[in-house]
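Reading through the structure tokens given below for one structure.
2 protein chains.
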Amino acid sequence: MERIAEGEYAVMEVLWERSPLTAAEVAERVPEQRGWSLATVKTMLSRLLAKGVLAHEEEGRRYLYRPAIRREDYVAEESGRLLDRMFGGRLTPFVAHLAERDRLTPADIEEIESLLKALKS
Amino acid sequence: MERIAEGEYAVMEVLWERSPLTAAEVAERVPEQRGWSLATVKTMLSRLLAKGVLAHEEEGRRYLYRPAIRREDYVAEESGRLLDRMFGGRLTPFVAHLAERDRLTPADIEEIESLLKALKS
DNA sequence: GACTCCTGACTACATCTGTAATCAGTCTTG
DNA sequence: CAAGACTGATTACAGATGTAGTCAGGAGTC
Chain A
7 MERIAEGEYA VMEVLWERSP LTAAEVAERV PEQRGWSLAT VKTMLSRLLA KGVLAHEEEG
67 RRYLYRPAIR REDYVAEESG RLLDRMFGGR LTPFVAHLAE RDRLTPADIE EIESLLKALK
127 S
Chain B
7 MERIAEGEYA VMEVLWERSP LTAAEVAERV PEQRGWSLAT VKTMLSRLLA KGVLAHEEEG
67 RRYLYRPAIR REDYVAEESG RLLDRMFGGR LTPFVAHLAE RDRLTPADIE EIESLLKALK
127 S
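Protein sequence lines correspond, in order, to chains A and B. Our numbering puts the first residue of the first sequence at 7, with every later residue one more than the last. Our numbering puts the first residue of the second sequence at 7, with every later residue one more than the last.
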């Protein structure tokens with residue numbers, strides 16, 4: 007699966023949220039902070055099409071875009087990549103790391119414990 | 007903190023592992039698979055210096071390079087970024103996700119449970 | 001039918017990245 | 001001291017990325 011750049015990812019998010027959409031509709035939904043022009047969004051869409059991670063169907067003289075890959079799968083790949091790179095692929099050091107950096111509240115801990123308990127049964 | 011590119015990261019790893027080192031020593035230690043020439047490593051070192059994530063001291067007519075940021079901090083930033091982007095900053099969905107993708111073995115689960123138990127006390 | 005609007009296609013351009021080669025100066029070694 | 005060996009600095013160049021502008025063709029409007 008082709009790599010998706012940071013900015014392109016924002017476009018994917020829009021389409022994973024809701025699709026199919028026209029280019030103009032995507033542009034409307036891209037987060038404000040990006041401050042992208044319609045032209046920019048169109049460029050992103052073309053590149054994503056070229057990468058094969060978007061598909062399009064013609065509707066009159068324009069396209070309706072939709073994701074060609076599942077968010078789930080993409081996210082799996084990216085998180086795996088990070089885990090491999092920074093934690094030798096092991097989750098435990100990652101959790102330990104987050105805990106140390108105070109990114110884990112007691113509520114989080116409870117929640118994860120329940121999740122793990124469920125996984126065991 | 008400036009972003010570190012994928013390839014540059016490989017150089018940082020070498021220096022986090024052991025430092026200070028000369029350019030030639032870094033080149034020797036960069037993983038084989040990269041197949042980088044000494045010239046390439048030197049380019050990386052310059053760029054990392056420019057980004058302020060490496061420091062150097064002169065030793066005779068050459069430099070000894072050492073990290074200017076802690077691995078710990080960089081890793082924290084990158085993992086936080088991924089978590090924010092893909093899981094709304096929440097760890098639980100991330101763990102759930104990994105479990106579903108079979109990246110969590112029973113042994114992992116045990117290990118994390120112990121870790122969490124330790125965190126609570 | 002002429003004019004305007006919207007759309008994808010194509011082009012533009014600076015920056016970042018991967019991957020070097022070259023160059024000028026300094027050390028070493030005969 | 002002359003010849004090499006090494007070093008950082010500078011330059012090169014293609015592909016990816018962020019961020020658009022322009023253009024040709026069809027659709028709708030008067």
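Even glycine gets a Cβ: it sits at the ideal position worked out from N, Cα and C.
Have a look at histidine 103(A) and isoleucine 115(A) and give me their C-alpha separation to the nearest angstrom. Counted from its first residue, the first sequence places residue 103(A) at position 97. Counted from its first residue, the first sequence places residue 115(A) at position 109. Between histidine 103(A) and isoleucine 115(A), the alpha-carbon positions lie close to 13 Å from each other.
To the nearest angstrom, report how far apart arginine 67(B) and methionine 50(A) are at their CA atoms. What you label residue 67(B) is simply residue 61 of the second sequence in a count that begins at 1. What you label residue 50(A) is simply residue 44 of the first sequence in a count that begins at 1. Near 47 Å, if we compare the C-alpha coordinates of methionine 50(A) and arginine 67(B).
Own chain partners of leucine 55(B) with C-beta closer than 7 Å, once the 5 adjacent residues on each side are dropped: The residue you call residue 55(B) lines up with position 49 of the second sequence. Close CB contacts of leucine 55(B) within its chain, under the 7 Å cut and outside five residues either way in sequence, are with His62 (chain order).
Please list the terminal residues of the continuous alpha helix (DSSP H) segment that includes arginine 76(A). Translated into the one-based positions of the first sequence, residue 76(A) becomes position 70. Neither: arginine 76(A) is in no alpha helix (DSSP H) and is coded neither H nor E.
Looking at the unbroken beta strand (DSSP E) that takes in glutamate 65(A), where does it start and where does it end? Stepping through the first sequence from its first residue, residue 65(A) is reached at position 59. That run of the beta strand (DSSP E) goes 60-65.
DSSP state of valine 9(A), grouped into three classes? Position 3 of the first sequence, counted from the first residue, corresponds to residue 9(A). Note that residue 9(A) is arginine in the sequence shown, not valine. Of the three classes helix, strand and coil, the one that applies to arginine 9(A) here is coil, per DSSP.
Nearest chain A C-beta to alanine 29(B) closer than 8 Å, yes or no? Along the second sequence, one-based indexing puts residue 29(B) at 23. It does not: the Cβ of alanine 29(B) has no partner Cβ on chain A nearer than 8 Å.
Do you know offhand how far phenylalanine 33(A)'s Cα is from phenylalanine 93(B)'s? Residue 33(A) sits at position 27 when you count from the first residue of the first sequence. Residue 93(B) sits at position 87 when you count from the first residue of the second sequence. Inspection of the sequence shows that residue 33(A) is occupied by alanine rather than by phenylalanine. In a straight line, the C-alpha of alanine 33(A) is about 23 Å away from that of phenylalanine 93(B).
Alpha carbon to alpha carbon, how far is isoleucine 118(A) from threonine 98(B)? Give it in angstroms, no decimals. Here residue 98(B) refers to the residue found at position 92 of the second sequence. Here residue 118(A) refers to the residue found at position 112 of the first sequence. Each residue's CA atom was taken as its position, placing threonine 98(B) and isoleucine 118(A) some 6 Å apart.
Would you report the Cα separation of valine 17(A) and valine 36(A), rounded to the nearest angstrom? Residue 17(A) sits at position 11 when you count from the first residue of the first sequence. Residue 36(A) sits at position 30 when you count from the first residue of the first sequence. About 7 Å.
In chain order, what residues of the stretch 101-121 of chain A put their CB closer than 8 Å to some CB of chain B? Listed by position, the residues of the stretch 101-121 of chain A near chain B (Cβ gap below 8 Å) are Val101, Ala102, His103, Leu104, Ala105, Arg107, Arg109, Leu110, Pro112, Asp114, Ile115, Glu117, Ile118, Glu119, Leu121.
Enclosing alpha helix (DSSP H) for lysine 123(A) [first to last residue]: Position 117 of the first sequence, counted from the first residue, corresponds to residue 123(A). Lysine 123(A): member of the alpha helix (DSSP H) spanning 112-126, first to last residue.
Give the single residue among Leu70(A), Arg53(A), Arg109(A) whose Cα lies nearest to the Cα of glutamate 31(A). Here residue 31(A) refers to the residue found at position 25 when the first sequence is read from its first residue. Of the listed residues, the one whose Cα sits closest to glutamate 31(A) is Leu70(A).
Would you tell me roughly how many angstroms separate the C-alpha atoms of phenylalanine 100(A) and aspartate 108(B), rounded to the nearest one? The count along the first sequence starts at 1 and reaches residue 100(A) at position 94. The count along the second sequence starts at 1 and reaches residue 108(B) at position 102. If you take the alpha carbons of phenylalanine 100(A) and aspartate 108(B), they lie about 16 Å apart.
Please return the same chain residues whose Cβ sits closer than 6 Å to the Cβ of leucine 88(B), not counting the five positions on each side in sequence. In the second sequence, counting from the first residue as 1, residue 88(B) sits at position 82. Nothing meets the Cβ criterion.
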